[in-house]
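Notes follow once the structure below has been shown.
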Amino acid sequence: MKLPLPRRKTPKSSWFRDFLVKVLPTKADDPETQLYKKVTYVVVGMVFLTFVLAFIVFAFSLRGREETMIPKVVGEDAITAIQELQDKALVPRIQTQYSNDPRQKGTVVSQDPQGGILVREGRKITLWVSKGAVIDKVENYLGQNLNDVELHLRSLFATQTQAIVTVENTPTYVWDSAPDGTILQQKPAPGTPITGDLTLRFVVSRGPRGQMVELGSYAGQDYLSVMNQLASQSIPFVFKARSAEGNEQPGRVVAQDPAPTVQIPRGTSVTLTMTQPKDLPQGSVFGLFQANLPQYPILVALKLEDRKTNGDSTVIVAMKHPGGPIAIPYVAPLGDTLVLSILGKDILTQTVGSGKAPVAVP
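If you're matching positions, the sequence shown starts at -17 in the working numbering and goes up one per residue.
Put into structure tokens, the structure is as follows:
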């Protein structure tokens, strides 16, 4: 009797092999499927390669550059300083500026960061190189007005910590046919090289001796109009204010001293009495800015400004003035600041409505 043959076990299909059959190109695939699988593998391979390269770059960036110490180059010639930084694998960045000492031209006067600090190679180092002094020779000031020269020098050295060219505090004043304030002589002479701090010494005209000015008739005129007339003629004035009486109109000049048509020496002050103005803008007040200035040998540039709380500024009066007592009328909002300046420099301030006298600017 024949025994039945044992049944052959059919091998179970592997899920991994089935997965490979699906994703890998095979001969059984039609051309479209084979192309799709090949393109997919190329894209996946490119993405993988990109991640690998990014990882390599990231690893190198973490490693970083080597450290080096910044050399101290302040006081050195600019070319030498640049070479020293480049030898340390640092990148110099040049900025130029004027300095007080004309002998510093072409040298490094400052650096950032400072020397002696450890930094990575390739760090940018800013060097400030001197262009020398703003001026290297004495200019010709003959025939110019002293006030204008002082303002010119002040503007030249406005960005400097110290002006290397200044005007002596007490020039020599003489009577001369030239207009007052005209520079007649100067020392050092024009063209003299400037090698360090230098003080200019001037001989300045007071104007013709006995120069006279004839006064106009200001009674009945608006006080602002009168103030502008006197300012344009460089005639100093002192206003007094009172309430209007009888048929007097507010804001008008009602008296003057000296009288009209009188000739007075140039620089003599005129006293004017006015009535207080009415119908002022809301929040504003009328007042007199009063002070006693030193007597100046020549007429100087005087200006009174109303500086608003929002930063704006309005000029109340600007004129040439000999110094002495002043009383300037104004209408300004409460809380504003009145600022009196001489030759462009603030000297007195007063807060509108404070009831306090002007105070000196430190």
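For glycine and all other residues, C-beta sits at the position ideal for the given N, C-alpha and C.
The structure displayed is predicted, hence computed values, not measured ones.
Going by beta carbon distance, what residues of the same chain come within less than 8 Å of residue i, once the five residues before and after it are set aside?
i: Pro247; result: Gly192, Gln193, Met194 and Val195
i: Gly98; result: Met51, Ile52 and Lys54
i: Val56; result: Val90, Val91, Ser92, Gln93 and Gly97
For the alpha helix (DSSP H) that contains residue i, what are its first and last residues?
i: Ser295; result: No alpha helix (DSSP H) contains Ser295, which is instead part of the beta strand (DSSP E) from Ser295 to His303.
i: Thr62; result: Ala60 to Asp69
i: Ser159; result: Run containing Ser159: none; DSSP gives neither H nor E here.
i: Ser137; result: Leu128 to Leu138
Measuring alpha carbon to alpha carbon, tell me which residue in the options is nearest residue i.
i: Leu320; options: Gly305, Val341, Gly306 and Gly326; result: Val341
i: Gly163; options: Thr141, Thr174, Leu128 and Leu197; result: Leu128
i: Ser159; options: Thr253, Pro242 and Gly125; result: Gly125
i: Val235; options: Gly265, Pro218 and Pro311; result: Pro311
i: Leu284; options: Pro53, Phe219 and Val24; result: Phe219
i: Pro172; options: Glu121, Val343, Phe221 and Glu150; result: Glu121
i: Thr148; options: Ile176, Pro13 and Gln277; result: Ile176
i: Val282; options: Pro13, Phe33, Arg188 and Asp69; result: Arg188
i: Ala226; options: Thr250, Thr257, Val208 and Gln144; result: Thr257
i: Ser207; options: His303, Gln79 and Gly233; result: Gly233
i: Pro259; options: Gln16, Trp110 and Gln203; result: Gln203
i: Lys327; options: Val343, Pro53 and Phe30; result: Val343
i: Gln332; options: Gln272, Lys302 and Val39; result: Gln272
i: Lys290; options: Pro279, Lys302 and Ser266; result: Ser266
i: Gln245; options: Gln65, Gln231, Ser199 and Glu230; result: Ser199
DSSP three-state label for residue i, please.
i: Ser92; result: strand
i: Phe184; result: strand
i: Asp261; result: coil
i: Phe219; result: strand
i: Pro170; result: coil
i: Ala273; result: strand
i: Gln16; result: helix
i: Pro279; result: coil
i: Arg234; result: strand
i: Val111; result: strand
i: Leu145; result: For the record, residue 145 in the displayed sequence is Ala; it is not Leu. Three-state DSSP puts Ala145 in coil, outside helix and strand.
i: Val26; result: helix
i: Ile329; result: strand
i: Leu124; result: coil
i: Arg85; result: helix
i: Ala342; result: strand
i: Val334; result: coil
i: Val349; result: Outside the displayed span of the chain (-17 to 344) sits residue 349, for which this structure offers no information.
i: Val252; result: strand
i: Val39; result: helix
i: Val34; result: helix
i: Pro175; result: strand
i: Lys290; result: coil
i: Val267; result: strand
i: Asp239; result: strand
i: Arg105; result: coil
i: Lys119; result: strand
i: Lys54; result: coil
Leaving aside the five residues before and after residue i along the sequence, list all residues of the same chain whose C-beta is less than 6 Å from its C-beta, in chain order.
i: Asn274; result: Pro307
i: Pro153; result: Phe184 and Val186
i: Thr255; result: Lys222, Val236 and Ala237
i: Ile22; result: Position check: residue 22 holds Thr in this sequence, whereas Ile was assumed. Closer than 6 Å at the Cβ level, and outside the excluded window around Thr22, lies no residue.
i: Ala300; result: Lys285
i: Val334; result: Ala314, Leu316 and Asp318
i: Glu287; result: Ser295, Val297 and Val321
i: Thr253; result: Val220 and Asp239
i: Tyr123; result: Val131, Ile165 and Gln168
i: Leu100; result: Glu49 and Met51
i: Tyr155; result: Val186, Arg188 and Pro279
Over the uninterrupted beta strand (DSSP E) stretch that includes residue i, give me the two end residues.
i: Gln79; result: Val73 to Gln79
i: Tyr205; result: No beta strand (DSSP E) contains Tyr205, which is instead part of the alpha helix (DSSP H) from Tyr205 to Ser214.
i: Arg102; result: Leu100 to Arg102
i: Ile324; result: Thr319 to Ile324
i: Asn191; result: The residue asked about is misnamed: residue 191 is Arg in this sequence, not Asn. No beta strand (DSSP E) contains Arg191, which DSSP labels as neither H nor E.
i: Pro247; result: Gln245 to Pro247
i: Ser199; result: It is not in any beta strand (DSSP E) - Ser199 carries neither H nor E in the DSSP assignment.
i: Val313; result: Gly306 to Pro315
i: Glu49; result: Glu49 to Met51
Please go through the same chain and pick out, in chain order, the residues whose beta-carbon is closer than 7 Å to the beta-carbon of residue i, but skip the five residues on each side of it.
i: Lys87; result: Ser112, Lys113 and Gly114
i: Pro351; result: With the chain covering only -17 through 344, there is no way to say anything about residue 351.
i: Ile217; result: Val195 and Val252
i: Ile64; result: Pro74
i: Pro242; result: Leu197, Gly198 and Ser199
>> Measuring CB atoms only, is the region 132 to 142 touching the region 91 to 99, in the sense that at least three cross pairs come out at less than 8 Å?
In response: no
>> Between the region 212 to 230 and the region 172 to 185, can you find at least three pairs of beta-carbon atoms closer than 8 Å?
In response: no
>> Three Cβ pairs or more, each shorter than 8 Å: is that satisfied between the region 155 to 169 and the region 99 to 117?
In response: no
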